[in-house]
Each structure stands twice: as C-alpha cells, then as structure tokens.
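Chemist:
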Amino acid sequence: MSYDPHAIETRFQSLWNEAGTAEVTEDPTREKFYCLEMFMYPSGKIHMGHVRNYTIGDVVARYQRMRGKNVLHPMGFDAFGLPAENAAIKGGAHPKAWTEANIGTMKQQLSRMGFLYDWSREVRTCDPEYYRWNQWFFIRMFEKGLCYRAKRTVNWCPDCATVLANEQVENGTCWRCHSLVALKEMEQWFLRITKYVQELLDDLDGLSRWPPEVVAMQRNWIGRSEGAFVDFAAEGSATPIRVFTTRLDTIYGATFLVLAPEHPAAAEVTTPDRKAAVEAFRAKVRAQSTHDRSTSKEKEGVFTGAYADNPFSGERLPIYLANFVLMDYGTGAIMSVPAHDQRDFEFAKAYGLPIRVVVQSGGVVEESMTEAVPADGVMEASGPYTGLPNREASVLMAAKAREEGFGEPTVTFRLKDWGISRQRYWGTPIPMIHCPTCGVVPVPEDQLPVLLPEDVAFTGKGESPLASHQGFLNTPCPKCGGPGRRETDTMDTFVDSSWYFFRYCSPKEESVPFEGSAAKYWTPVDFYIGGIEHATMHLIYCRFFTMVLRDLGLVPFAEPVDRLMCQGMVIKDGAKMSKSLGNLVEPDEMIERYGADAVRINILFLSPPWDQLDWKESGAEGAFRFLNRVYALVEEVATDLKGPAEEPAGDVSPLRRKTHQTIAKVTAELDQRLKINTAIASLMELTNAIQAFLPAYGKTPAERFVLREAVGALAAMLSPFAPHAADAMWEMLGQIGFLVDGPWPRFDAAIAKEDEVTLAVQVNGKVRGQITVPSDADAASVLAAAKDNEKVKAHLEGKNVVKEIVVPGRIVTLVVK
RNA sequence: GCCGAAGUGGCGGAACUGGCAGACGCAGCGGACUCAAAAUCCGCCGUGGGCAACCACUUGGGGGUUCGAGUCCCCCCUUCGGCACCA
C-alpha cells in the first residue's frame, strides 16, 4: 500500500473524534498550557492565511500535549460584523443564517486540516449567551465611570453608514471598504481606555515574549509626550487659552498663537471685523474630508483679530486659526515658535509673521533661515533664562509656570477613548434606555440579554434597522416606568473579541461571564498566534479589557497573553493573494491534491512562522514526496522491527547518535525558538540517515534496536506537523493509541554527543587543514594535532607562531609571522 | 519625516552566545529502472581559474573592531511594515 493521504486523514480524523481526543477539562494535578489562535471571522471559507495561523497553533498545541501538559486549544467565531449585514442588504440571507452557514463550511474545512480543537468549548459572539456578557461588562463599566456618552466629532464611513474608531481609519479611509472617511458630530458611547493609558504603556516593558515590532507599534500608537500646559490670557475670552507644548524653553520665541479651527474659543475671541473671514475659513475646513485634511500639507489659516499675552514675556501675540492644528491632540491650541518648529516656520513664512531665535545651537540667524532649527542649545533673548542650556531652562520655566499659576508640566497621549457605537444591526445591542425624565438608564441586569430582534428590514440606507423596529425601540424606563426608548446603536465588534479567550474557559457558564476557578486554571494565555494587523486594535483592546476585569475582581492579572507570535503573510508570486489578482490558492484544492499533512508541512517548512511566505505549489509536492518517503520507509521495516531487539552496549552507532541529536534539536526548537522550518529540516535529515543505514542493516538485535528507536522517534516527532501520517506510521509499528497523547521522545545527551570532532585549522584567518580529534581532547593535544597536519605544516614553514586559539569543538587558529 | 523589520546561490531558506557560509528543500543537469512516460532511486549542483590535488573570490555598498565578522560598531543604498501637520 502506498501513501494515501485521503484515506489516512479521513480515518484518523474520525478516530480522534470518536475518542474525544480534543476535549479537555481542568486538572490541577497537571501543568496547563493555553494555546490560542485568533478566532475567525466567518467570511465564507478559509484562506491560506488561516491555514498558516492555525497550523502553527496546532503544532504548538500538539507538541505541548505530547510533553504531558494539559492543553486548552479552542476555536470560535467572531460572528458579528458588517459583511453579514451587507450580504443581507444585497438581498441575501438574514445575517444570522448567512453567518451560521459560513461557520458550518469553515468548521468543516478546519476539521479537514486535522486541527485538534476542543469544539465543546466553541464560542460564537453572535450567540445571546455570549453577547449578554458584553452588555453586562458595558453596564459594569458604566457604573464605574469607564463608559460614558459624549458628543464628539467622529469618523464616519458613508458607505458602511457607521462610525469608525480611530484605529479603524487607514490613511483617511475606512479599514473595511476604503471609502473616504468624513467627520461628523455625533452622540457616541466611549470606553475610557485612557484611564489605563499609562499602565498600558508601562506594561509593554514586561511583554518580553511579544514581538518587538508589536510592542513598538503599541508604544507609538499610545504616543506619550511630556511637556507643559501654558495659559495665555486672551482678549475677548473669559477663560485663558491653554496650549500644550513640549518646548516650553522656546516660549520667548513664540510670535503668535494658533487654535484648531474647531476650537471652542475661536468664535469667542474673533473680533467683529474678522468674523466673516474666520467663518469662511472654518466652513472650508469643515467641508474637507479627514483624508484631504491630513494629506494636504499646505499651511492655511486666518487671523482672528484677537491677541493673547505671553505669560513669560508679557508680549502681545496675535491669535490665528490654522488647518495644521488638530482639535483632538493636546488642547487644540499651540504657541507658535517659527524659529524652532518647522510647521510654525512654514506658517510664519506664508503669513509674514516674525521669526525669533531663542535657542542658539550655533550660528543660527533669523534673516538667513530656510527652515526651523529644533536642536538643543543655549538660551538667548529669553529674559532671565538667557545663557542657560535650554534643557535646564525648560525645567525652571515649568516650575515658574506652576508657581505663578499659569501653567504646569503635563503629559499628553495620542491614544483616545474608544468610541464603540456603531449604527448597525449585526452587533451587540447597547443595553441602555433613554428616558425623557430619568435620562440614560442601564437595562437592569435581570433583563439581560437585550436580544437582537430577528424580524428586521435591511434597506442599507440611513439609520440602523433597529432604529425603525418599534417592538425593539419602545420599552418602559426601568427607573420611573414611563415610556422609554432603547439605544439603537450596537457595539463595535472589537468589544466581542476583547475577552472571548476568557469565555473558552467555561463557555456554558450562565451566571457570570466566565467561571472563576476555570479561568484561574487556564489563563493567562500561554501562547497566542495571529496577524500583526491587530497590533494596535485587538491587541490593545484585549489588554485594556483585562485590566478592567482585574479591577472588577474577575482576574488576578493585567496582561492576558504571555507569549505572542504574529505569523507572516501568505503571498503568491510576490503579491498578496486576492481574488482580483487571480492568485488565490484554495486550501481545499491543495488538500485534495496533496493531503492536509503535506499542506501543513509545506506551509511550515517554506519559511519561519513570522516571515512572509510565498506559496509554492512545488513545495507542496516536495512535502508530499517527503511524507511518501517516510511512509514507505516505515512500511518497509515495520514487520522486521517486531523482531528481537536489544540495546547496544559500547560505541554509539552513527544512526543512534543522529536520532538523539535530532530529538534534542526538534525539542529545543519547539520549546523555545519555534523556528519550525528548521525542526522539519532536521526530521528530513534523520529520514536521510535512516535510509542510508538500511543497505548495511544486518538485522542483529542491537541494530534492530537502533533502527526501531530511530523510526519510532521520527514518527513521534512528525506528529505535531503531519499528525495523520504520523499516527498511521505509529499504527504500522504496532503501537497503540494516538501520538498526540504522548510521550514525546526523550534524548540522552551522552548518546547525542559526538565522540570525535572534525576541526578546521586556520592559519592567519584562512582554513588550511582539517583535523579529527576526540571531542573531549584538551587544548594542548588539539594544538599538537593541528601543527602536525601536513597542510598546516606547509603554512607554518619558517614562521613564528605568535598566537594559538582553540575553540573547543569549533576551530583552531594559529597566527604566524 | 519618525519608528520598526529585513537584504545570504537560479529560488525558499540554514548558520546556537563572533568560529569551516550555503544545512534542508525546490528548480536544474547527468545516470539507473522502463518499449516509453510518470513515479522512484543514485550522482552533480555559489562564482572564477586549473587535467588535478588545489587556489582566489563571495552574505546590498563602503569603512572599522577582532587571530577570526552573515553575526558587533559607524556611514550609505534598497525593500517591506507601522505612524504621520502629535505641537
């Protein structure tokens, strides 16, 4: 019988299923391992990116399990979201039916890959028993002031007809449909992630097992900036105008103030004669899309006619509005120091405003400046601070501002509160009731979940379908009993995914979001794998949520994930796989052609898990050939291996050494680095070594022992990567049970150790000869052997050896003159 | 512009903390088996020179540290990713 992947795979998949192999329960006597992959959006069918992500996870889960750990390896579906609703608008099925059908297809595809998931723990976020806890968290957060309603300028996607979080705007376009995002004033629900911003930042230092680029992206996204607030008394304004600056030292060089066009004080300070011009400018900016505003770097502004006083110098500074000042960063107002800030410089040049150097970094003269000079230097033209190094002056000036009460040192962040209102149907209803007398009132806990009604019409126009559903809309106020109106917005689906990994611990729990002792046993997640595209979205939100859960007393830690890996993208012919490019590779077709095991091996072997992977069909053929070769080999020797065997004494044979070396190598790789491609390469080497051994195999009990050990270890180590083929081989070898139940083969360092090593001998940095010495030879005898080598001798002729270096097991270097 | 990752044969990639660059595979070439093909097996396979043993060169480019650099340091180039008028 030759290797028939389909027969083997379907047979073992059903055997694993029948045996309930994947199902696990808490067992305090065993060490746990929580292996998690980002759950799936049920878009229709799986793609190669999923296959890669989940194959890596499956390798880790199976390996840890073979090592004897109690491994939680669940899968679920991020089942709420826009595509389901868009499908309904296009005249398709109801979002619920569409979603369920897709889940059915995708689950089957996952099973065909041989992924060992505990499906008894499956979580679907569109299930009322799941999203009721979103609502429960929402209310808890509302009670703790972590959730609030505010009118804000928000990002509005006209195509999706909904609001987007800052994180969901890419280059001024919608992250899903890429239409231009507009700004709109709306009442929105916000989660106060900014309350945790410092902790989110500080904890990054402890995430040593996260990819550094993800940590860097989060740090960048959080955008901590130290500086100071300074208040400028302004004509026409009762309250002073507060600016944020990181360069307080340059305040004597401020020659004007600039407010964001939307700044609330703008209208107030504007003098009557400037009103028309100011209004025209504000209208113009308002009409611009976010995209236009952020891409046009042209500095434009308008004078308000008003002036403010520099609290340090007493100087009167004109107040402008300008497009380059953003309302949602700092205070929405700045002091402009054209000599030391490039944007201010450009604006000053365009509007003929003065430029004054106050930090001298060497030869800077106003008249000849072509750009701003942000460098450090010595203070000049800065009153009492003149002559000081600017950094020192900055500290003194901040202290002075605080003393005098017109400012203070401060820290600002780029991260904003998380707007979670979505004007869509297919999501978690926000559990709030608007009452004309009591205001906004949470739905009482015993009335959760607020169910999403199913009988709605999908027009795709204007408001969410919920807004016109009378049965949903009208409800009595829980406080006064009077007529109330339900909130019709639903939650951002990133709320769903912020805590799903806790739910897996006790998915059927009905009284709390997750059961305490189960969560205590399984969490935090030991190993998490997913795409890097979630670096500043999901991976920040889930950290934030975990901090909230901690403060609610639900978990004892703040960081949900110990080790994170982001798998690289799967591309084809150098380009991202996409339908429009016509370079999609369908996992099902590949399984059909080569079997799931070969697909798994190919995707694992082609590059390290975190690198980009260019899908090569020839690679799948190679993987198939490899499995075929191993299978045929096991088949060939299986009967003989049942004969008498006896552990050899004395010298270790090369095959035996190779076997133990390979176990050591693969074990180390799976325990630590996870450079899975090299682990597979060493299994290929072991296969080659076994094949090389066979022609001289004399069938003595000692030789049989060595061969059996080699073949058994090979089958076992193949199991995480190609589980079906490995189990089939295990069976041929007369073994009972599944490899995933372990044990993982053990190695003996003494056997793995080479007793002789070949060293290169360098003379003046060039390899001149090779010597073979016992691996435990001392430096003196190694040197003697090196100098005795004929080829080396020729290069030592008539020269003096001035330096001798022996690197044990590596190299000998002689330096001669 | 700022931050991050990376540049190694025809290709994917390997090389642990500085120690024989190119493991393993793909493609290619030659051979065996076959009437033939596929599959399979064996051999060759960085570049240049030489019949040869061997010699020289080679990890994006240039400098440096070192007995020794793909690996460490400085400068530059290229590609990819993130952020981007962030005050």
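My numbering numbers the first residue of the first sequence as 1 and each following residue consecutively.
Heads up, the beta-carbon is just placed ideally off N, CA and C, and yes, glycines get one too.
Among residues of its own chain, excluding the 5 on either side of Ala150, which ones have a beta-carbon nearer than 7 Å to its beta-carbon?
Modeler: Around Ala150: Gln188, Phe190.
Chemist: Closest by CA to Pro389, which one among Ala375, Arg402, Ala401, Lys400?
Modeler: Considering only alpha carbons, the answer is Ala375.
Chemist: Let me check one thing: in DSSP terms, what residues is Asp820 bridge-paired to?
Modeler: Outside the modelled stretch of the chain, which goes from 1 to 817, sits residue 820, for which no answer is possible.
Chemist: Which residue's Cα is closest to the Cα of Val197: Arg219, Gln735, Met186?
Modeler: Comparing Cα-Cα distances from Val197 to each of Arg219, Gln735, Met186, the minimum goes to Arg219.
Chemist: Please give me, in chain order, every unbroken run of the beta strand (DSSP E) with length at least 3 that falls completely inside the stretch 37-85.
Modeler: 70-72, all fully within the stretch 37-85.
Chemist: Report buried or exposed for Lys572, applying the criterion of at least 16 other Cβ atoms within 10 angstroms of its Cβ.
Modeler: With 16 or more Cβ atoms within 10 Å of its Cβ, Lys572 is classed as buried.
Chemist: So who's on the other strand from Val757, going by DSSP bridges?
Modeler: Looking at the DSSP assignment, Val757 forms a beta bridge with Val773.
Chemist: Between Leu581 and the rest of its own chain, which residues show a CB-CB distance below 7 Å, the 5 nearest in sequence each way excluded?
Modeler: Excluding positions up to five away in sequence, the list reads Ala575.
Chemist: What does DSSP give as the partner residue(s) for Gly412 in the beta ladder?
Modeler: Reading off the sequence shown, one finds Thr at residue 412, where the question assumed Gly. The partner list for Thr412 (beta bridge, DSSP) reads Ser225.
Chemist: Bridge partners for Val782 per DSSP, in chain order?
Modeler: Per DSSP, none; premise fails for Val782.
Chemist: Any idea what DSSP makes of Cys542, helix, strand or coil?
Modeler: Residue state, collapsed to three classes: helix.
Chemist: Considering Cα atoms alone, identify which of Asn474, Val123, Tyr329 is closest to Arg414.
Modeler: Cα-wise, what sits closest to Arg414 is Tyr329.
Chemist: Could you check the C-alpha separation between Val378 and Asn323 for me, to the nearest Å?
Modeler: So the two alpha carbons sit approximately 32 Å from each other.
Chemist: Looking at C-beta atoms only, is the number of pairs between the stretch 229-243 and the stretch 581-598 that lie closer than 8 Å three or more?
Modeler: Touching, no.
Chemist: Using a Cβ-Cβ cutoff of less than 6 Å, which residues in the same chain neighbour Gln661 once the five nearest sequence positions on both sides are dropped?
Modeler: For Gln661, where only same-chain residues beyond five positions count, the Cβ hits under 6 Å are Ala752.
Chemist: Does the contact criterion of 3 or more C-beta pairs under 8 Å hold for the stretch 431-449 versus the stretch 473-493?
Modeler: Yes, the stretch 431-449 is in contact with the stretch 473-493.
Chemist: Does the separation of the CB atoms of Val24 and Tyr500 fall below 9 Å?
Modeler: For Val24 and Tyr500, no; Cβs fall outside 9 Å.
Chemist: Are Gly81 and Gly427 close, meaning C-beta to C-beta below 9 Å?
Modeler: Yes, they are a contact pair.
Chemist: Tell me the rounded alpha-carbon separation between Met75 and Ile529.
Modeler: Distance between the alpha carbons of Met75 and Ile529 is about 12 Å.
Chemist: Look at Gly809 and Ala786 and say whether their C-beta atoms are less than 9 Å apart.
Modeler: No, Cβ-Cβ distance for Gly809 and Ala786 is not below 9 Å.
Chemist: Tell me, to the nearest whole angstrom, how far the beta carbon of Ala620 is from that of His724; I am working on the premise that it is less than 8 Å.
Modeler: Actually they are not in contact, since the Cβ atoms of Ala620 and His724 sit about 16 Å apart, beyond 8 Å.
Chemist: What does the alpha-carbon distance come out to for the pair Lys107 and Glu533?
Modeler: Going from the Cα of Lys107 to the Cα of Glu533 covers about 23 Å.
Chemist: Going by C-alpha distance, which of Leu15, Glu185, Leu783 is nearest Thr153?
Modeler: The candidate whose alpha carbon is nearest that of Thr153 is Glu185.
Chemist: Looking only at DSSP bridge pairs, what is Met432 linked to?
Modeler: According to DSSP, Met432 bridges with Pro442.
Chemist: Just tell me which of Pro338, Glu213, Cys174 has its CA closest to the CA of Thr255.
Modeler: That would be Pro338, whose Cα lies nearest to the Cα of Thr255.
Chemist: Which term fits Glu669, buried or exposed, when burial requires 16 or more other beta carbons within 10 angstroms of its beta carbon?
Modeler: Buried, since its Cβ has 16 or more Cβ neighbours within 10 Å.
Chemist: Pull up the DSSP beta-bridge partners for Trp189, would you.
Modeler: Paired residues: Arg149.
Chemist: My parser needs the alpha helix (DSSP H) runs of 4 or more residues fully inside the stretch 531-592; what are they?
Modeler: 538-551, all fully within the stretch 531-592.
Chemist: With a 10 Å radius around its C-beta and 16 neighbouring C-beta atoms as the bar for buried, classify Glu636 as buried or exposed.
Modeler: Exposed.
Chemist: Between which residues of its own chain and Thr271 is the CB-CB distance below 8 Å, once the five residues before and five after are set aside?
Modeler: Around Thr271: Gly236, Thr304, Gly305, Ala306.
Chemist: Would you please state the rounded distance, in angstroms, between the beta carbons of Pro644 and Val706? I believe it to be under 8 Å.
Modeler: Their Cβ separation, rounded to whole angstroms, is 13 Å, which puts Pro644 and Val706 out of contact at 8 Å.
Chemist: So which of Val163, Val59, Leu164, Thr105 has the shortest CA-CA distance to Gly114?
Modeler: Answer by Cα proximity: Val59.
Chemist: Could you work out which residue in Pro465, Pro720, Asp551, Ala780 is closest to Met143 when comparing CA atoms only?
Modeler: The amino acid occupying residue 143 in the given sequence is Glu; Met does not appear at that position. Nearest option by C-alpha distance: Asp551.
Chemist: Identify the residues that DSSP records as bridge partners of Val359: which are they?
Modeler: Note: Val359 sits in a beta bridge opposite Met379.
Chemist: Within its chain, find whatever has a CB closer than 6 Å to the CB of Ile103; leave out the 5 residues flanking it on each side and keep chain order.
Modeler: Closer than 6 Å at Cβ, skipping near neighbours: Pro42, Phe77.
Chemist: Helix, strand or coil for Asp526 per DSSP?
Modeler: If DSSP states are grouped into helix, strand and coil, Asp526 belongs with the strands.
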